[in-house]
Each structure stands twice: as structure tokens, then as C-alpha cells.
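Scroll down for the structure; my scribbles are underneath it.
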Amino acid sequence: MRAAVRHVADGTFLVHGEDTNWVILTEGDAVTLIDTGYPGDRAGLLASLAEVGSSPEAVTAVLITHAHNDHQGSAEYLSATYGAPVLTHQAEVPHARRDFLHQVSVGRVLRGGWRPGVLPWAAHALRSGATANVAVTAPEPFPGPGPLDLPGRPVPVHTPGHTAGHCAFHLPDTGVVVSGDALVTGHPTARARGPQMLTDMFHHERATAVASLDVLAELDGDLLLPGHGPLHKGPVRDAARLARERAQ
């Protein structure tokens, strides 16, 4: 597959895989990678690094919004092969290790198969590695509050609900919010377009996920880079509020 790379702000690139997005933050020769797509996105992931003039050897850290297979699919590969540390929220560390799995089950997907788009999405997800073992051997928690000492200086923002340790990342200097799956702008299982929550079956705790939209609404930014769907331009607070209204 060929991933679509879009330069959205200074040193910031949004990359669209076949179904999932990831973000590349550059600073000189160094790179921060936020999420990695499915295991099946690996060729596209490596190609996207090359397209921005980088390489997997230049990845200083892999930041994981949450430990679902479509977001951490190549995290262990980059760690084991190139030595990149994998960082995530403290509550997500055991999930990334696969001490447990908070991910929609095959049975639940099949029960929702009557919805338009669900079965084609499921077939693609299975082909891409949705049930593969993508456990990270030694994930690390973020060292503390505030910006990380990494290219882009991303600030982790805990937005639980989709998973217990889900985090968005705020880039105050460029007005960018990387929202992961806490706030998306489209998905193959969704009819709506624009800011929204994922279908209920994907959330570990839906009520908590809805409440996390209020956390995102407090962030100052006008570029939303979601885990699924296209870039959204406009105040992030308005996007979060619209998603909350739709969720009601």
C-alpha cells in the first residue's frame, strides 16, 4: 500500500494509511512518530518516513494514542529493530504489553454486521492484522506532565473512554491536536462525515469517552489530526462540541 502524506504545519505531517492515520513530527534529522497503523500498514509507514526525508533509524520515540492493533501495529517492530522507545499513558502500558485487551471482539463486530460498512471494514481489518499479536515488550509511561522532550514537543492529554489510557497530543506552538480515536472525522463504519465519535462498539467505556470530548474542547488549536478520517480545520473546541452533540 502507499500511504498519503500531507504536510499540515511546520514539521508536522498527517499520514493516511488504508484505514488509520499516523502523524510524523520532524525536527532536524530527528522524528517523533505518533501511532503506526495496522501491521499491514508497515510498508506504507516506512515509505511515509522516507517521503518526509527521514528513516526508521531517525525515530526518537513512538508515541501511542492507544494500544489497539490499528494504532500500535508496528510499534514493537520499530522498538526491536531500531531501538525506538515506545511511550504511552501509564494506564495504557499494560494494555500495550497485552496484559489484557480492550478491543472490540469478533463476536461484537458480527452482531453489528447489519450496519452498513461494518462487514467490509471487518474483512479489511482482518487482512491488515486486526487479530495479530502486536504486543510491545517494554512500553514506557510518559515521564511526567507537560511537553515531552521530543521533536514537536507534544503534550500528552489523557482522554480515556475509548481505552483506559487513551491520550491525545497537543502541539500548542502550531495549534495542532492529534486526537487518536477520542475524536475522529470519518470511518468506514460511519455514515456521517466531520467531527464525531466512533461507533459505540469500539469504545471500552462510552460515557467516559463522551466526557473526554470536554477535555479536548479545552485545548487551544485549529488543526485536528484524527486517528480516522481527514484533517479538520477550525477550532478544535467546536469540533469536540459538535461530536458531543452528535453523541447525544
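Residue numbers (numbering that gives the first Met the number 0): 0 to 247. Quick reminder that beta carbons are idealized off the backbone N, C-alpha and C, glycines included.
Quiz item: Can the beta-carbon of residue 65 be found less than 8 Å from the beta-carbon of residue 130?
Solution: no
Practice problem: Compare the beta carbon distance of residue 87 and residue 151 with 8 Å and say whether it is the shorter of the two. | Solution: no
Quiz item: Who are the near neighbours of residue 159 in its chain, counting only those whose CB is closer than 8 Å to its CB and skipping five residues on each side?
Solution: 90, 165, 204, 207, 208, 211
Practice problem: Please list, in chain order, all residues of the same chain as residue 107 whose beta carbon is under 7 Å from its beta carbon, the five residues on each side excluded. | Solution: 200
Exercise. Let me know the beta strand (DSSP E) ranges lying completely inside the region 96 to 170, each 3 residues or longer, listed in chain order.
Key: 154 to 157, 166 to 170
Exercise. Kindly identify the DSSP beta-bridge partner or partners of residue 63.
Key: BP columns for residue 63 are empty, so no partner.
Quiz item: What do you reckon, are the CB atoms on residue 121 and residue 196 nearer than 8 Å?
Solution: no
Practice problem: Quick one: using the 10 Å Cβ neighbour count with 16 as the cut-off for buried, is residue 180 buried or exposed? | Solution: buried
Quiz item: What's the C-alpha gap between residue 11 and residue 231?
Solution: 14 Å
Practice problem: Please report the residue range of the alpha helix (DSSP H) in which residue 236 lies. | Solution: 235 to 246
Quiz prompt | residue 91, DSSP secondary structure in three states | solution = helix
Exercise. Assuming residue 154 and residue 169 form a contact by the criterion Cβ under 8 Å, report the distance between their Cβ atoms to the nearest whole angstrom.
Key: 4 Å
Quiz item: Counting along the chain, where does the alpha helix (DSSP H) carrying residue 43 start and finish?
Solution: 41 to 50
Practice problem: Within 10 angstroms of the Cβ of residue 178, are there 16 or more other Cβ atoms? Answer buried if so, exposed if not. | Solution: buried
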